[in-house]
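Following my numbering, the numbering of the sequence shown begins with 851 at its first residue and continues without gaps. Below is one structure, written out as structure tokens; the observations come after it.
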Amino acid sequence: MSDDFDYDLFVIGGGSGGVRAARVAASEYGAKVALAEESRYGGTCVIRGCVPKKLMVFASEYRDTFRDAASYGWDVQDGPFDWTKFSKKMRGELDRLEGIYRNLLKNAGVETFDCRATVKDAHTVALSSGEEKTAKHILVATGGHPVRPPDLENAELGIVSDDIFNLERLPKSMLIVGGGYIACEFACILHGLGVEVTMYFRKAQILQGFDDEARGLIAEQMRARGIAMHAGAIIAEMDQADGGIRVKSTQGQETVFDQVFFATGRKPNTDGLGLEELGVKLGRGGAVEVDEYSQTAVPSIYAIGDVTDRVNLTPVAIREGMAFTSTVFGSDPTPVDHELVPSAVFTQPEMGTVGKTEEECEADGDDFEIYATTFKPMQTAFAGREDRVLMKLIVARESRRVLGCHIVAPQAGEMIQMVGIAIKMGATKEQFDATCAVHPTMAEEMVTMRNPVRTS
Ligand code: NDP
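And the structure:
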């Protein structure tokens, strides 16, 4: 296929989506493939996102475990936590995973270039090493990066999520700006590791877009754990102060924090890639506009993952990569299915969610019933904690199909993966009810909620 080109496929970006597409195109379809990565292989998820974040979640949860242990008869010391020891081990693990990603590409026969690549024309990629390579297809999988508030003076004094994994020491106090996934997850992690955490977010509630009842319960428990949460708060001024960063909020509070962390959203990595000049359309925030097959306005150029700003989750980027290879190399046009994607927010307590929220059902005028229960789970209640969990199903009244499921509980991410299968299959409430409970578990409530708590 590559007679007139150096490669059948040139992938720009060695994150989860790009690596999967390159590997599958080469090993399953026999394509001649190259990939360029300017930073580290594994991308945001493996190097500065999901993976190190989850290791930090595990580290931070031990504080509660140690405290609860006493109630279960153990004599265990609570701390202190050694960040230097943990972060060294965490970085070692990331090095190991990056090595695996490199090997996967090597073993699949993908040629790699450790440098920046930009697009010169519809079939040519220019490398920062000075070389130019041609390819029948170009796949842009460059991901995104965290952004600070654009108009805030001295915003560079604050860190972003990329920096958190490389801190030399943990601060004593931290202001986290934002109320999204990253803000809430790190508020819980850092609080668990012993940092005094304050959050400023613009809206009345955290986790915009998630089910109100679920995010309300998470916010309540984050507050109860000691995280200072300021709704409707924005930084009006910030500057360097003795031993920290002085911040004045729009609500008039003036506080000195050791560190300020901006979790104020992410932007697709398209600056300077040369795409718009070629006729590739960029949309909101610079995201590459693609059709259902991830093809851009220039037919030889495709894009997948966060750079397209569709559903910014690693497993979705991987599926987009797989659908791209089936479409282009497998002669099997495969649209990407973005419906009913289950996901988790790794706050403490965790949230697992799939399908519609109650508010979305209301806005769409659905005729629905709500089945929900909240209770103190056995394990932490025994230890004297007040933590509550939420199990919630939204059911279409006529068809009986479960439209959405929202879980706030320890291990909610693990539970929603399983519930997600049933909901993707179109399960009805009666099919949930026909499934025998596993006792004693928290998840058994999913199949034992008899009567709706309210209807639309
Ligand atoms: P989000 O879009 O979730 O949240 C951004 C937050 O920053 C919002 O609260 C937003 O407020 C606020 N914000 C934006 N601009 C400003 C500003 N100028 N001043 C003050 N506040 C501001 O982005 P994240 O960065 O948290 O996460 C990015 C994406 O990464 C997520 O959408 C998700 O797809 C992915 N992700 C997934 C995870 C998971 O699956 N567990 C974990 C982490 C990330 P407002 O609501 O008012 O606009």
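C-beta: ideal position from N, C-alpha, C; glycine also. Predicted model, so just to flag it, every value in this text is computed and none were measured.
Per the DSSP calculation, residue i is bridged to which residue(s)?
{"i": "Y857", "result": "A985"}
{"i": "L944", "result": "According to DSSP, L944 bridges with nothing at all."}
{"i": "L1240", "result": "T1224, V1258"}
{"i": "K1117", "result": "H995"}
{"i": "Y1050", "result": "V1027, H1080"}
{"i": "S1193", "result": "T1203"}
{"i": "Q927", "result": "According to DSSP, which records beta bridges pairwise, Q927 is partnered with nothing at all."}
{"i": "E1139", "result": "The partner list for E1139 (beta bridge, DSSP) is empty, contrary to what the question assumes."}
{"i": "G865", "result": "G892"}
{"i": "M1088", "result": "V1097"}
Please state the DSSP three-state secondary structure of residue i.
{"i": "A886", "result": "strand"}
{"i": "I1154", "result": "coil"}
{"i": "A1222", "result": "strand"}
{"i": "R1300", "result": "coil"}
{"i": "E1210", "result": "helix"}
{"i": "K1098", "result": "strand"}
{"i": "G1042", "result": "helix"}
{"i": "F936", "result": "helix"}
{"i": "Q1229", "result": "helix"}
{"i": "I1168", "result": "helix"}
{"i": "R1250", "result": "coil"}
{"i": "F1060", "result": "coil"}
{"i": "I1217", "result": "With the sequence shown as reference, residue 1217 is identified as Asp, and Ile is not the correct amino acid for it. Note: D1217 maps to coil in three-state DSSP."}
{"i": "A967", "result": "strand"}
{"i": "L905", "result": "helix"}
Report whether the distance from the Cβ of residue i to the nearest heavy atom of the ligand NDP is below 7 Å.
{"i": "F860", "result": "no"}
{"i": "Y1031", "result": "yes"}
{"i": "V1195", "result": "yes"}
{"i": "G1254", "result": "no"}
{"i": "P1053", "result": "At residue 1053 the sequence reads Lys, which differs from the Pro that was named. Yes, Cβ of K1053 sits closer than 7 Å to a heavy atom of the ligand NDP."}
{"i": "Q1058", "result": "yes"}
{"i": "I1084", "result": "yes"}
{"i": "P999", "result": "yes"}
{"i": "A1233", "result": "no"}
{"i": "R1116", "result": "yes"}
{"i": "M1028", "result": "For the record, residue 1028 in the displayed sequence is Gly; it is not Met. Within the cutoff, so yes."}
{"i": "E1035", "result": "yes"}
{"i": "A1113", "result": "yes"}
{"i": "L1132", "result": "no"}
{"i": "P848", "result": "Any property of residue 848 remains undetermined from this structure, which presents the chain solely from 851 to 1306."}
{"i": "N1162", "result": "yes"}
Check this for me: beta carbons of residue i and residue j, under 8 Å apart or not?
{"i": "E1219", "j": "R1247", "result": "yes"}
{"i": "S1099", "j": "A1081", "result": "no"}
{"i": "I1257", "j": "G1202", "result": "yes"}
{"i": "Y1031", "j": "V1239", "result": "no"}
{"i": "I862", "j": "A991", "result": "yes"}
{"i": "F1111", "j": "I1014", "result": "yes"}
{"i": "I1273", "j": "V1303", "result": "no"}
{"i": "C895", "j": "G865", "result": "yes"}
{"i": "V869", "j": "L955", "result": "yes"}
{"i": "T984", "j": "E887", "result": "no"}
{"i": "Q1090", "j": "M1024", "result": "no"}
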